[in-house]
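Asks:
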Amino acid sequence: MTEHPLQHKLRDFHIILGSGSPRRKKFLEELGLDFEVRTKSVEEIYPEHLKGHEISDYLAQLKAAPFHNELGAKDILITSDTVVWHNEKSLAKASNPDEALQMLQTMSSDWHKVITSVCFTRMQHQQTVHAITEVKFKDFSDDEITYYIDQCQPFDKAGAYGIQEWIGMIGISEIRGSYTNVVGLPTHLVYKTLMELVS
Numbered sequence: 001m002t003e004h005p006l007q008h009k010l011r012d013f014h015i016i017l018g019s020g021s022p023r024r025k026k027f028l029e030e031l032g033l034d035f036e037v038r039t040k041s042v043e044e045i046y047p048e049h050l051k052g053h054e055i056s057d058y059l060a061q062l063k064a065a066p067f068h069n070e071l072g073a074k075d076i077l078i079t080s081d082t083v084v085w086h087n088e089k090s091l092a093k094a095s096n097p098d099e100a101l102q103m104l105q106t107m108s109s110d111w112h113k114v115i116t117s118v119c120f121t122r123m124q125h126q127q128t129v130h131a132i133t134e135v136k137f138k139d140f141s142d143d144e145i146t147y148y149i150d151q152c153q154p155f156d157k158a159g160a161y162g163i164q165e166w167i168g169m170i171g172i173s174e175i176r177g178s179y180t181n182v183v184g185l186p187t188h189l190v191y192k193t194l195m196e197l198v199s
């Protein structure tokens, strides 16, 4: 049986996913990796002067900080953060239906960027990478947006939407870059960085 190229390289290492996101967990499983999920709560506050990938880089590193004293020599911790960037502004998670409606109305018939940063932390080394995907929405009616919010409750997602959900199926007219990045993890970049980390 042919051996998984990355799993072979990682055979002496222990991967920790520092995220409770079911989407990120599923992606690591689909990459064929053995890993442990370990979560710690972090207040996701960043300096106001940061823009775009600077925000997601900062937050991915912030999420790694509580684990520093727990990592062994063979541990590789993966933490991640996704930002939706539109009109020079970060659209965070909506806290209620009105906020979600406002965000989606703002992005309707326009391009926005989805930026996911992934931080790889070891005892003596930390590396952060990010991917940027440009997404174009069609012109949404308020009825379409309201239906989506009622059906999918997208309050755990940056920009108040999930590309893999109904709104993605009916509303995305163009995409430039990685699809998995928009879902929450740029899998091609995770694979590439892990291959380089243990080479």
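The sequence shown begins at 1 in the working numbering and counts up by one.
Heads up, the beta-carbon is just placed ideally off N, CA and C, and yes, glycines get one too.
Is there contact between the region 126–138 and the region 168–182, where contact requires at least three CB pairs shorter than 8 Å?
Replies: yes
Asks: When you compare each of 7, 168, 45 and 31 to residue 108 by their alpha carbons, which one comes out closest?
Replies: As a working mapping, residue 108 is identified with position 108 in the sequence shown. The residue with the shortest Cα to Cα distance from residue 108 is 168.
Asks: Could you say which of 102, 69, 77 and 104 lies nearest to residue 13 if we only look at CA atoms?
Replies: Mapped onto the sequence shown, residue 13 falls at position 13. Taking only the C-alpha atoms, the option nearest residue 13 is 77.
Asks: Three-state secondary structure (DSSP) at residue 25?
Replies: As a first step, residue 25 is located in the sequence shown; it is residue number 25 there, counting from the start. Of the three classes helix, strand and coil, the one that applies to residue 25 here is helix, per DSSP.
Asks: According to DSSP, which residues form a beta bridge with residue 111?
Replies: As a working note, residue 111 is residue 111 in the sequence shown. Answer is 136, bridged to residue 111.
Asks: Does residue 85 pass the burial test, meaning 16 or more other C-beta atoms within 10 Å, or should it be called exposed?
Replies: By one-based count along the sequence shown, residue 85 stands at place 85. A residue is called buried when at least 16 other Cβ atoms come within 10 angstroms of its Cβ; residue 85 meets this threshold and is buried.
Asks: Between the beta-carbon of residue 185 and the beta-carbon of residue 118, is there less than 8 Å?
Replies: The count along the sequence shown starts at 1 and reaches residue 185 at position 185. The count along the sequence shown starts at 1 and reaches residue 118 at position 118. Their beta carbons are under 8 Å apart, which means residue 185 touches residue 118 by this criterion.
Asks: Give me the Cα-Cα distance between residue 33 and residue 148, rounded to the nearest whole angstrom.
Replies: Counting from 1 along the sequence shown, the entry for residue 33 is found at position 33. Counting from 1 along the sequence shown, the entry for residue 148 is found at position 148. C-alpha separation (whole angstroms): 33 Å.
Asks: For the alpha helix (DSSP H) containing residue 192, name the first residue and the last one.
Replies: In the sequence shown, residue 192 corresponds to position 192, counting from 1. Its alpha helix (DSSP H) spans residues 187–197.
Asks: Take residue 57 as the anchor and find which of 79, 74 and 75 has the nearest alpha-carbon.
Replies: As a first step, residue 57 must be located in the sequence shown, where it is residue number 57. It is 79 whose Cα lies nearest to the Cα of residue 57.
Asks: Hey, which unbroken runs of the beta strand (DSSP E) at 3 residues or more fall wholly within the region 40–89?
Replies: Runs of the beta strand (DSSP E) inside the region 40–89: 75–86.
Asks: Does DSSP put residue 149 in a helix, a strand or coil?
Replies: As a first step, residue 149 must be located in the sequence shown, where it is residue number 149. It is helical.
Asks: Beta strand (DSSP E) containing residue 17: first to last residue?
Replies: In the sequence shown, counting from the first residue as 1, residue 17 sits at position 17. Here the beta strand (DSSP E) through residue 17 covers 14–17.
Asks: Can you check which of these residues, 121, 187, 165 and 151, is closest to residue 16 by C-alpha distance?
Replies: Locating residue 16 in the sequence shown gives position 16, where the first residue counts as 1. Nearest C-alpha to residue 16: 121.
Asks: Helix or strand or just coil, what does DSSP make of residue 144?
Replies: Looking up residue 144 in the sequence shown gives position 144. Assigned with DSSP and collapsed to three states, residue 144 falls in helix.
Asks: Reducing DSSP to helix, strand and coil, say where residue 157 ends up.
Replies: Your numbering for residue 157 matches position 157 in the sequence shown. For residue 157, the three-state secondary structure derived from DSSP is coil.
Asks: Answer with buried or exposed for residue 181, where buried requires no fewer than 16 other C-beta atoms within 10 angstroms of its C-beta.
Replies: Translated into positions along the sequence shown, residue 181 becomes position 181. Label assigned to residue 181: buried.
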